[in-house]
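Engineer: Numbering (full-length UniProt numbering), first residue to last: 1 to 31. Where a beta carbon is used, it is the ideal one built from N, C-alpha and C, also for glycine. First, the structure itself, so that you have it in front of you.
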């Protein structure tokens, strides 16, 4: 349960947004 709360908090952070954007870039590059 603790990990779920941590994940929800992280998802709303700026770092999570940057990580998602970078992941999308790599995903498009390698697929």
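1. What would DSSP say about residue 6, mapped onto helix, strand or coil?
2. Between the alpha carbons of residue 10 and residue 31, how many angstroms are there, rounded?
3. Measuring only the C-alpha atoms, how far is residue 5 from residue 29?
4. Tell me where the alpha helix (DSSP H) around residue 19 begins and ends.
5. In its own chain, which residues sit with a C-beta less than 8 Å from the C-beta of residue 26, not counting the 5 before and 5 after it?
Structural biologist: Put simply:
1. helix
2. 27 Å
3. 31 Å
4. 14-29
5. none
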